[in-house]
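All remarks here apply to the structure that follows.
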Amino acid sequence: MIMCGITGYTGVNQAGPILLEGLKRLEYRGYDSAGIAIQSRNEADDMYSIKMLKATGKVSHLVDKFEAEPDFKGVCGIGHTRWATHGIPSDTNAHPHLSADGKFAVVHNGIIENFAEIRSELQKYGIEFKSETDTEVIVQLLAYNYNGNFKKALMKTISRLTGSYAIGVISAEHPGTIFAAKLSSPLLIGVGIGENYFASDITALVSNTKNVIDMDDGEVAEITPDEVKVYDHAGNEIKKEIRQINWDIAAAEKSGYEHFMMKEIMEQPQALKATIEPRIKDEEIVFGEIKDLDMSKFNRVHITACGSAYHAGCVGRGIIEALCRMPVEAEVASELRYRDPIMDGKTLVIVISQSGETADTIAAMKECKEKGATVLAIVNVVGSSIAKLADYCIYTWAGPEIAVATTKGYTTQVAVLAMFAVWAAGQLKTISHGAYASMVIDIMRLPERAQRALDLNSRVKKLADKYYDNQSLFFIGRNMDYAVALEGSLKLKEISYLHSEAYAAGELKHGTIALIEPGRLVVALCCYEKLFDKTVSNIQQVKARGARVLAVAHEGNRSIFQEADDVLLVPQTDPLLAPVIEIIPMQLFAYYVAEKNGCDIDKPKNLAKSVTVE
Ligand code: F6R
Numbered sequence: 009m010i011m012c013g014i015t016g017y018t019g020v021n022q023a024g025p026i027l028l029e030g031l032k033r034l035e036y037r038g039y040d041s042a043g044i045a046i047q048s049r050n051e052a053d054d055m056y057s058i059k060m061l062k063a064t065g066k067v068s069h070l071v072d073k074f075e076a077e078p079d080f081k082g083v084c085g086i087g088h089t090r091w092a093t094h095g096i097p098s099d100t101n102a103h104p105h106l107s108a109d110g111k112f113a114v115v116h117n118g119i120i121e122n123f124a125e126i127r128s129e130l131q132k133y134g135i136e137f138k139s140e141t142d143t144e145v146i147v148q149l150l151a152y153n154y155n156g157n158f159k160k161a162l163m164k165t166i167s168r169l170t171g172s173y174a175i176g177v178i179s180a181e182h183p184g185t186i187f188a189a190k191l192s193s194p195l196l197i198g199v200g201i202g203e204n205y206f207a208s209d210i211t212a213l214v215s216n217t218k219n220v221i222d223m224d225d226g227e228v229a230e231i232t233p234d235e236v237k238v239y240d241h242a243g244n245e246i247k248k249e250i251r252q253i254n255w256d257i258a259a260a261e262k263s264g265y266e267h268f269m270m271k272e273i274m275e276q277p278q279a280l281k282a283t284i285e286p287r288i289k290d291e292e293i294v295f296g297e298i299k300d301l302d303m304s305k306f307n308r309v310h311i312t313a314c315g316s317a318y319h320a321g322c323v324g325r326g327i328i329e330a331l332c333r334m335p336v337e338a339e340v341a342s343e344l345r346y347r348d349p350i351m352d353g354k355t356l357v358i359v360i361s362q363s364g365e366t367a368d369t370i371a372a373m374k375e376c377k378e379k380g381a382t383v384l385a386i387v388n389v390v391g392s393s394i395a396k397l398a399d400y401c402i403y404t405w406a407g408p409e410i411a412v413a414t415t416k417g418y419t420t421q422v423a424v425l426a427m428f429a430v431w432a433a434g435q436l437k438t439i440s441h442g443a444y445a446s447m448v449i450d451i452m453r454l455p456e457r458a459q460r461a462l463d464l465n466s467r468v469k470k471l472a473d474k475y476y477d478n479q480s481l482f483f484i485g486r487n488m489d490y491a492v493a494l495e496g497s498l499k500l501k502e503i504s505y506l507h508s509e510a511y512a513a514g515e516l517k518h519g520t521i522a523l524i525e526p527g528r529l530v531v532a533l534c535c536y537e538k539l540f541d542k543t544v545s546n547i548q549q550v551k552a553r554g555a556r557v558l559a560v561a562h563e564g565n566r567s568i569f570q571e572a573d574d575v576l577l578v579p580q581t582d583p584l585l586a587p588v589i590e591i592i593p594m595q596l597f598a599y600y601v602a603e604k605n606g607c608d609i610d611k612p613k614n615l616a617k618s619v620t621v622e
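Residues 9 to 622 (my numbering) make up the sequence shown, in order.
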């Protein structure tokens, strides 16, 4: 789980309150369940056992459970906030997970890609699994490998794991000791006096210690109250530096960014990676979750969603139609639900939702199901209503999105739609081998290209300084660029409260051009190169009426400089995938214009993150 939180403590104080405090600090990241485990000493025989508490929902539920258990005592333990990826949010799937013999407990961030293989291997030895998670294999394998030497068993265990992890492990047989290990998931050790900590995130540590050790991939830490030893992947002890941090809690929660929106914009390369990488194997798109979906059953596709998710759907319509050569419609859910749409068993309905709880989208999907359509949902929040109601569900795995204005939610939806279109076209044989291979390569390069688009940050800020006091703006584009215009315009208006409209560039002359007057800003999206000349003539029409034009075009496009007042060049990619990259400077533009106008960026007025009412 890329966005979960982990923490651990060993020392002389009661671990329970310290772990719960750490988990509260991690709440801002978003999660759906939480849990803690401690080593508990039995007075009678001086033996230790592991005690656990878990709760679905808020950390406050876990605190209530803790307060009702006066015997939950121990000075060494681990804790976790979970954002579900494998298995629904539930007490059973919440971490920590315990080995079948009850001797070991683990908390884990990340995804174990080969968990199914390890799980079936261990099941052959009679080991019973309790949860649906990928994480449980770590602790079961650890117990299986254990021969009296904790460190050796852990090293052997992690050498089998592929994917990503930051883990914390305790054992009933090693009081006061925690092992923590990392691969492609963040992990820090907090160094105190007579007590030590670990966490996935600085926020869980700053109120206890400012001295941290940054763990690197492949390293393992042995943490006791008086000492922290770090080993390399071969088990040799290595020297690590202790770094002093000077962040306060508020800055730490947002990883140093002023707003969650900026943090989430900047997280897009990582979020796209999490969406894409696990689904590409040997240059093929592999969707385990829809492997039995037979595309030849359908004669058309209908996409429905609300707001930005609908805009992602507009991009998806273009990609699916282009690659699958099948009619595709996209429609806002609030209209579709009351339209008595014509559809039947040959219709595939794709519903898109970050939260998975949007009331109009749920109503529209129910309507489509009643008419016999098959529903495929593209959702971020695991176990949400839409995910459960759909016949098939593909998760975007973007991690929790806190800011009201969606950013990584939108780009990962488009990435899933693009992968789906290529996958479906492969099944329908409407795509050549060469085109399939080249799309897969371009999809895999989206995270890196998104990162390069983010390099425009300071340039976009300057443009926002120049244009922030425009009271009314237009976004124009054709084909895929029009879909991006819709999203760019919504992003700006919802957080900056400026009036903004998106127009199919060719439509301007049918009325809207009357509103163009000297000084009006027109943002022209020009990455759909097939129609570049057409968009240029629209740019010339608005310029002739005194508008100022900010254009977004692909790197290498020289002629745009003669047409627009300002130009943002983004990395070139396949025209069908360009929206993922092209929207990034538009998100930054909306952010900086809103900042300049003194708006509450993360919580814009009149808006909610999840619209669960009609
Ligand atoms: C805009 C935004 C909204 C949502 C819409 C649907 O930035 O976030 O327009 O896209 O409310 O929400 P979900 O995707 O949760 O169904």
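For every residue, glycine included, the Cβ atom is placed at its ideal position computed from N, Cα and C.
Original post:
Quick one: does the C-beta of C401 sit closer than 6 Å to a heavy atom of the ligand F6R?
Top reply: Here residue 401 refers to the residue found at position 393 of the sequence shown. It does not: the Cβ of C401 is nowhere closer than 6 Å to a heavy atom of the ligand F6R.
Original post:
Would you say Q362 touches the ligand F6R, meaning its beta carbon is less than 6 Å from a heavy atom?
Top reply: Here residue 362 refers to the residue found at position 354 of the sequence shown. A heavy atom of the ligand F6R is found nearer than 6 Å to the CB of Q362.
Subject >> With 16 other Cβ atoms within 10 Å as the buried cut-off, status of L196 >> reply: On the sequence shown, residue 196 is found 188 positions in, with the first residue counted as 1. Label assigned to L196: buried.
Original post:
For M47, does the three-state DSSP call read helix, strand or coil?
Top reply: Position 39 of the sequence shown holds residue 47. Note that residue 47 corresponds to Gln in the displayed sequence, not to Met. In this structure, Q47 counts as strand in the three-state DSSP scheme.
Original post:
By how many angstroms is the C-alpha of V387 removed from the C-alpha of T366?
Top reply: Taking the first residue of the sequence shown as position 1, residue 366 is located at position 358. Taking the first residue of the sequence shown as position 1, residue 387 is located at position 379. Cα-Cα distance, rounded: 11 Å.
Original post:
Going by alpha carbons, who is nearest to G38 out of A586, P408, V424?
Top reply: Working through the sequence shown from its first residue, we reach residue 38 at position 30. Comparing Cα positions, the closest option is P408.
Original post:
Does the ligand F6R have even one heavy atom less than 6 Å from the beta-carbon of T369?
Top reply: Residue mapping note: residue 369 aligns to position 361 of the sequence shown, counting from 1. It does: the Cβ of T369 is within 6 Å (strictly closer) of some heavy atom of the ligand F6R.
**OP:** Could you tell me which of T414, L425, V412, T415 sits nearest to I402, measuring between CA atoms?
**Re:** Numbered from its first residue, the sequence shown carries residue 402 at position 394. Out of T414, L425, V412, T415, L425 has the C-alpha closest to the C-alpha of I402.
**OP:** Return the chain-ordered ranges of every beta strand (DSSP E) run that is complete within the segment 115-183 and spans a minimum of 3 residues.
**Re:** 173-179
**OP:** With DSSP as the reference, please indicate the residues paired to E245 in a beta bridge.
**Re:** In the sequence shown, the residue the question calls residue 245 occupies position 237. DSSP output for E245 lists Y239 as bridge partner(s).
**OP:** Would you give the residue range spanned by the alpha helix (DSSP H) that Y318 belongs to?
**Re:** For this step, residue 318 is matched to residue 310 along the sequence shown. From DSSP, the alpha helix (DSSP H) with Y318 extends over 315-332.
Subject >> Residue burial classification, E525 (beta-carbon count within 10 angstroms, cutoff 16) >> reply: As a first step, residue 525 is located in the sequence shown; it is residue number 517 there, counting from the start. Exposed is the call here.
Subject >> Check: T366 C-beta below 6 Å from any heavy atom of the ligand F6R >> reply: Taking the first residue of the sequence shown as position 1, residue 366 is located at position 358. Indeed, a heavy atom of the ligand F6R lies less than 6 Å from the Cβ.
**OP:** Pair every Cβ in the segment 105-117 with every Cβ in the segment 146-155, then say whether three or more of these pairs are closer than 8 Å.
**Re:** yes
Original post:
For H518, which three-state DSSP category applies?
Top reply: The count along the sequence shown starts at 1 and reaches residue 518 at position 510. DSSP places H518 in helix when its eight states are reduced to three.
**OP:** Check whether the Cβ of G38 lies closer than 6 Å to any heavy atom of the ligand F6R, and answer yes or no.
**Re:** Looking up residue 38 in the sequence shown gives position 30. Result no, Cβ not under 6 Å from the ligand F6R.
**OP:** Quick one: residues in its chain with C-beta nearer than 6 Å to the C-beta of I96, no 5 flanking neighbours on either side, listed in chain order?
**Re:** On the sequence shown, residue 96 is found 88 positions in, with the first residue counted as 1. Same-chain partners within the cutoff: G391.
Original post:
Would you say S263 touches the ligand F6R, meaning its beta carbon is less than 6 Å from a heavy atom?
Top reply: As a working note, residue 263 is residue 255 in the sequence shown. No, Cβ of S263 sits at least 6 Å from all heavy atoms of the ligand F6R.
**OP:** Flag T581 as yes when its Cβ comes closer than 6 Å to any non-hydrogen atom of the ligand F6R, and as no otherwise.
**Re:** To locate residue 581, count along the sequence shown from 1; it is residue 573. No; taking the cut-off as 6 Å, the Cβ of T581 has no heavy atom of the ligand F6R nearer than that.
**OP:** Quick one: measure Cβ to Cβ for H267 and D610, integer angstroms, because I've assumed they're closer than 8 Å.
**Re:** By one-based count along the sequence shown, residue 267 stands at place 259. By one-based count along the sequence shown, residue 610 stands at place 602. Sure, about 5 Å apart at Cβ, within 8 Å.
Original post:
Quick one: does the C-beta of V619 sit closer than 6 Å to a heavy atom of the ligand F6R?
Top reply: Here residue 619 refers to the residue found at position 611 when the sequence shown is read from its first residue. At least one heavy atom of the ligand F6R is nearer than 6 Å to the Cβ of V619, so yes.
**OP:** Give the straight-line distance between the Cα atoms of A491 and V323, rounded to the nearest whole angstrom.
**Re:** Within the sequence shown, the letter at position 483 stands for residue 491. Within the sequence shown, the letter at position 315 stands for residue 323. Using only the alpha carbons, I get a separation of about 6 Å.
Original post:
Within 10 angstroms of its Cβ, does M2 collect 16 or more other Cβ (buried), or is it exposed?
Top reply: The shown model of the chain, from 9 to 622, leaves out residue 2, and the question about it has no answer.
**OP:** Select from L500, C535, N605, R486 the residue whose C-alpha is nearest the C-alpha of G514.
**Re:** By 1-based counting over the sequence shown, the position of residue 514 is 506. Of the listed residues, the one whose Cα sits closest to G514 is R486.
**OP:** Evaluate the contact criterion for the segment 456-471 versus the segment 289-307: three or more CB pairs, one atom per stretch, below 8 Å.
**Re:** no
Original post:
What are the start and end residues of the beta strand (DSSP E) that includes I679?
Top reply: Outside the shown range of the chain, which is 9 to 622, sits residue 679, and nothing can be said about it.
Original post:
In its own chain, which residues sit with a C-beta less than 8 Å from the C-beta of N21, not counting the 5 before and 5 after it?
Top reply: Numbered from 1 along the sequence shown, position 13 holds the residue referred to as residue 21. If we look at N21 and ignore the five residues flanking it on each side, its Cβ neighbours are V83, E203.
Original post:
Per DSSP, T64 forms a beta bridge with which residues?
Top reply: Counted from its first residue, the sequence shown places residue 64 at position 56. BP columns for T64 point to S41.
Subject >> Ordered list of alpha helix (DSSP H) runs contained in the segment 495-571, each at least 4 residues >> reply: 540-552, 568-571
Original post:
Under a Cβ-count criterion, where at least 16 other Cβ atoms within 10 Å of its own Cβ denotes burial, should P104 be classed as buried or exposed?
Top reply: Numbered from its first residue, the sequence shown carries residue 104 at position 96. Counting Cβ neighbours within 10 Å, P104 comes out buried, since at least 16 surround it.
Original post:
Given a threshold of 16 other Cβ atoms within 10 Å of its Cβ, counted over all protein chains shown, does Y475 qualify as buried or as exposed?
Top reply: As a first step, residue 475 is located in the sequence shown; it is residue number 467 there, counting from the start. By the neighbour-count rule (16 or more Cβ atoms within 10 Å), Y475 is buried.
**OP:** Alpha carbon to alpha carbon, how far is I273 from I592? Give it in angstroms, no decimals.
**Re:** As a first step, residue 592 is located in the sequence shown; it is residue number 584 there, counting from the start. As a first step, residue 273 is located in the sequence shown; it is residue number 265 there, counting from the start. Computed Cα separation, rounded: 8 Å.
**OP:** Tell me whether S316 counts as near the ligand F6R, meaning its Cβ is closer than 6 Å to at least one heavy atom of that ligand.
**Re:** In the sequence shown, residue 316 corresponds to position 308, counting from 1. S316 Cβ: within cutoff of the ligand F6R.
Original post:
Is A189 near the ligand F6R, judged by its Cβ being under 6 Å from some heavy atom?
Top reply: Position 181 of the sequence shown, counting from 1, holds the residue named residue 189. No, since every heavy atom of the ligand F6R falls outside the 6 Å radius drawn around the Cβ of A189.
**OP:** Assign I10 to buried or exposed, taking buried as 16 or more other Cβ atoms, counted over all protein chains shown, within 10 Å of its Cβ.
**Re:** In the sequence shown, counting from the first residue as 1, residue 10 sits at position 2. For I10, the predicted structure reports a pLDDT of 46, less than 50, and the residue's modelled location is therefore unreliable. A value from the coordinates is still provided. Per the 10 Å Cβ criterion, buried.
Original post:
Under three-state DSSP, which class holds R453?
Top reply: Working through the sequence shown from its first residue, we reach residue 453 at position 445. It is coil, neither helix nor strand.
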